[in-house]
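Shown next, in structure tokens, is the structure this report addresses.
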Amino acid sequence: MFKVARASQYLAITGAGIEDIKLSKKSWVFPWQSCTIFDVSPVNYTFKVQAMSAEKLPFVLPAVFTIGPRVDDDEALILYARLISPHDKESNHVHELVEGVIEGETRVLAASMTMEEIFKGTKEFKKEVFDKVQLELNQFGLVIYNANVKQLVDVPGHEYFSYLGQKTQMEAANQARIDVSEAKMKGEIGAKERTGLTLQNAAKIDAESKIISMQRQGEGTKEEIKVKTEVKVFENQKEADVAKANAELAMKKAAWTKDAQVAEVEATKAVALREAELQTQVEKMNALTRTEKLKAEFLSKASVEYETKVQEANWELYNKQKQAEAVLYEKQKQAEAQKAQADASFYSKQKEAEGLVALASAQGTYLRTLLDAVQNDYSCLRDFLMINNGIYQEIAKTNAMAVRDLQPKISVWNHGGEQGGGSGNAMKDIAGLYKMLPPALDTVYEQTGMKPPAWIGTLGDVEPKQVTRN
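Following my numbering, the numbering of the sequence shown begins with 58 at its first residue and continues without gaps.
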């Protein structure tokens, strides 16, 4: 049978006449041969890998990998045909294989890095994941055509990246506020300085212009008077020449001369008066100029001092605001420390409670072991515990103190009055002790209702006393 594969497919032929696997796009397939058609088009695999950093902080790494066989390498295609082609490329088997490789390499790499290193070196982290996953996929004949590793996200209940982003955002916002405040302060100071310099230069130029204008006016007036005087002198000279030349007209012109002299005197006086008036005006203008100059100087100085005071007040306000922010930050840290102390106290109490539970469990195990040792005989267990804890000694001590306080009449039992010497006296003392033991056991039984162990002996017909307590 002649088979032809599609553009994105290959024929994997095995059987007689073929040493291993024959890959072809089209070929004859004989009855003693087997043919499998497999697709080599890449497939997108979407994962959300949960990993943990070196500080045991969990995070989620969303990723989309485009993976397919390496079509430009015959050995890789043979590996893919041998290992993957029996399964559907979108089957759970292939998906789990790829997911296992990606998750394993990602977790191993993340466990060797801190969260800060992963967050700051995101590109390097993604490249390391890509390289290590590709190295593992080579053994299956697969190649990563594209790997889109998205931004790291927090695991529900662990908001590390969220808090880290908030911290960065708040630091940037605070620094921006400080920069804006400093820029405003420098801008306002510079604007005020420029305004003051402009006003000073304008006042200086106005004063100089007024002075020059008055000087030019005075010089013009002087030139005018000088010209008039020269003209008058020339006229008088001409008149004198005429008078000298015309002697016959002397008498007639005497009156004219007199009038001319009077006019000359009047003209001179008028010129003097006009000169005095102009001088007075010049002095007045000079006084006004000095007044304007002094006014401009003092007003400019007062304006500069005012702006300086305003800037000092603004700076003091800024310092107080920063001090208030520092106090607030200190209070917040104190509150966090108190919270941590409370958490530590709670943890200590919790561990103490766990210790009590463990102690109770150990005591229960101890009692069960003792019961097993005495074959569940509660009398033997009770006697052992009382002997082990010194209860009998305490009872004897308490009875002795009570008897001493009552000052009773004590009967002394004497069993035999034989006299002896040597080693016989010691045996007699021991025999006397054993003779005194039954009455003592009877007394204990009467007061406590507890019988002695069988290996010590038995009691007589004694009943325990009923003690009534008020």
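Note that the Cβ used here is the ideal one computed from N, Cα and C, for glycine as well.
Beta-bridge pairing by DSSP links Val-97 to no other residue. Nearest to Val-288 by C-alpha distance, out of Asp-316, Ala-324, Leu-256, is Ala-324. The three-state secondary structure of Thr-426, taken from DSSP, is helix. Nearest neighbour of Tyr-67 by Cα position, chosen from Phe-59, Glu-76, Leu-80, Ile-75, turns out to be Leu-80.
C-alpha of Val-501 to C-alpha of Cys-437: approximately 17 Å in a straight line. Asn-343 sits in a helix when the DSSP states are folded into three classes. Rounded to the nearest angstrom, the Cβ distance from Val-100 to Gly-125 is 6 Å, consistent with a contact under 8 Å.
The C-alpha of Val-290 is placed about 13 Å away from the C-alpha of Ala-320. Counting other Cβ atoms within 10 Å of its Cβ, Gly-157 stays below 16 and is therefore classed as exposed.
Between the C-alpha atoms of Gln-407 and Ala-419 there is a straight-line separation of about 18 Å.
Around the CB of Phe-355, fewer than 16 other CB atoms lie within 10 Å, so the residue is classed as exposed. Counting only the Cα atoms, Leu-140 lies some 54 Å from Tyr-404. By the Cβ rule, the stretch 333-348 counts as touching the stretch 265-278, because three or more pairs are nearer than 8 Å.
Secondary structure at Met-172: helix, using DSSP grouped into helix, strand and coil. Under a 10 Å Cβ-count criterion, Ser-110 is classified as buried, with 16 or more other Cβ atoms of the shown protein chains found around its own Cβ. Burial check for Phe-59: the Cβ neighbour count within 10 Å stays below 16, so the residue is exposed. Distance from the CA of Glu-160 to the CA of Asp-96, rounded to the nearest whole angstrom, comes to 25 Å. Look at Gln-380 here: in three-state DSSP terms it is helix. The beta carbon of Val-61 sits closer than 6 Å to those of Lys-83, all from its chain and outside the five residues before and after it, given in chain order.
If you draw a 10 Å sphere on the C-beta of Asp-131, you find fewer than 16 other C-beta atoms in it, and that means exposed.
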